[in-house]
Amino acid sequence: MRRWLRPGRIVAALLIVVALVLVGSIGMYFYLNGKLSRANVLVDYPGRPAPGAGQNWLIAGSDSRDGLTTAQENEFSTGHDVSGQRSDTIMVLHIPSNGGRPVLISLPRDSYVQIPGYGWNKINAAYSFGGPKLLAETVQNATGLYINHYMGIGFGGFVNVVDDIGGVRMCIKYPLHDVASGLNIKAGCQTLSGGEALGYVRDRHDFADQDLQRVQDQRLFLHALLSKMTSPGVMLNPFASIPAASGVAGTVTVDQGASLYQLLQVAFALRNPESTTVPIANANYLTPAGDAVQWNQSAALELFNDLRTDKTVPPSLISGSSQSS
Numbered sequence: 001m002r003r004w005l006r007p008g009r010i011v012a013a014l015l016i017v018v019a020l021v022l023v024g025s026i027g028m029y030f031y032l033n034g035k036l037s038r039a040n041v042l043v044d045y046p047g048r049p050a051p052g053a054g055q056n057w058l059i060a061g062s063d064s065r066d067g068l069t070t071a072q073e074n075e076f077s078t079g080h081d082v083s084g085q086r087s088d089t090i091m092v093l094h095i096p097s098n099g100g101r102p103v104l105i106s107l108p109r110d111s112y113v114q115i116p117g118y119g120w121n122k123i124n125a126a127y128s129f130g131g132p133k134l135l136a137e138t139v140q141n142a143t144g145l146y147i148n149h150y151m152g153i154g155f156g157g158f159v160n161v162v163d164d165i166g167g168v169r170m171c172i173k174y175p176l177h178d179v180a181s182g183l184n185i186k187a188g189c190q191t192l193s194g195g196e197a198l199g200y201v202r203d204r205h206d207f208a209d210q211d212l213q214r215v216q217d218q219r220l221f222l223h224a225l226l227s228k229m230t231s232p233g234v235m236l237n238p239f240a241s242i243p244a245a246s247g248v249a250g251t252v253t254v255d256q257g258a259s260l261y262q263l264l265q266v267a268f269a270l271r272n273p274e275s276t277t278v279p280i281a282n283a284n285y286l287t288p289a290g291d292a293v294q295w296n297q298s299a300a301l302e303l304f305n306d307l308r309t310d311k312t313v314p315p316s317l318i319s320g321s322s323q324s325s
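Note that this note's numbering gives residue 260 to position 260 of the sequence shown, counting from 1, and the numbers run on in steps of one.
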């Protein structure tokens, strides 16, 4: 005769399974949290903006090749590391405290701003002069926003994270061919590999407005990447979620006060934010540093003031992308 398990044994077995899952989850959290690279990026200084409503994250993608092999550098046409890095991607993510929709703002790398100790220059030069700490101070002074947290990622980490989750699906409106990076992507919906994604977010030679179109595409890709990483198909699949989480934790740099839990909040915030580029008055502003981007100061002030007070950003200050969706 078949022997039935006693109810008490079934309950005990279930409790053991739940306990193992909890212990494993807690252990994995602390393991991944410990893998995060932390830097003393955000410091107080005379004239630093006062904290406002919500949370502001400075997101920077540097041109560091850390994480790429020599073969990958050659394959993706990134060149090799040189002394002094610059940040190709500079964004501010505002997460409202009132439960409103997050706002993601691109600051074009050629934005002409004052860099503390160096005078007027293109904003990405701040990263070259003083790393993420000087970039954070420059962004805070230029926007008037208090930056609560920082997240930085390099080319190597970007490629590996995308490959860890099996690529990211994008719908490209027009074929993209960039001789500089070797990019060759057909029009239509497709899954981009890490190398293709890197070429996509770096591509500016296919567009008349070059970097301004590129920053829009970077936001679109970031949305697609984080949407997949936080999808049930990845999060509920340990064979996908664990490598992806480990890849992110091992390749990003955050400020000393940031935690893995806060990065998860950022990931969900980036799934569907309001998305825009800082208002621009002149995209070909002639300066001693070369052609630069001049902000529309009055519109930019309105935008940043709205964020500082958790107000809804007017539709007139929200821009989209003309290239991809």
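All C-beta atoms in this analysis are idealised placements derived from N, C-alpha and C, irrespective of residue type, glycine included.
These figures come from a predicted structure and were not determined experimentally.
- The C-beta distance from residue 176 to residue 165 rounds to 22 angstroms, too long to fall under 8 angstroms, and the pair is not in contact.
- DSSP lists 192 as the bridge partner or partners of residue 168.
- When rounded, the separation of the alpha-carbon atoms in residue 169 and residue 219 is 14 angstroms.
- Residue state for residue 290 is assigned as strand, using DSSP reduced to three classes.
- Note that the C-beta distance between residue 147 and residue 129 is not below 8 angstroms.
- As a beta-bridge residue in DSSP terms, residue 38 pairs with 254.
- At the C-beta level, residue 120 and residue 230 stay beyond 8 angstroms of one another.
- Pairing residue 140 with residue 270, the inter-Cα distance amounts to about 21 angstroms.
- Spanning the alpha carbons of residue 284 and residue 112 requires a straight line of approximately 11 angstroms.
- Pairing residue 49 with residue 305, the inter-Cα distance amounts to about 12 angstroms.
- Here residue 112 carries a strand assignment [DSSP, helix/strand/coil].
- Secondary structure note for residue 133: it is in no beta strand (DSSP E), and the uninterrupted alpha helix (DSSP H) holding it is 125-143.
- One alpha carbon belongs to residue 55, the other to residue 192, and they sit about 31 angstroms apart.
- Counting the other Cβ atoms within 10 Å of the Cβ of residue 45 gives fewer than 16, which makes it exposed.
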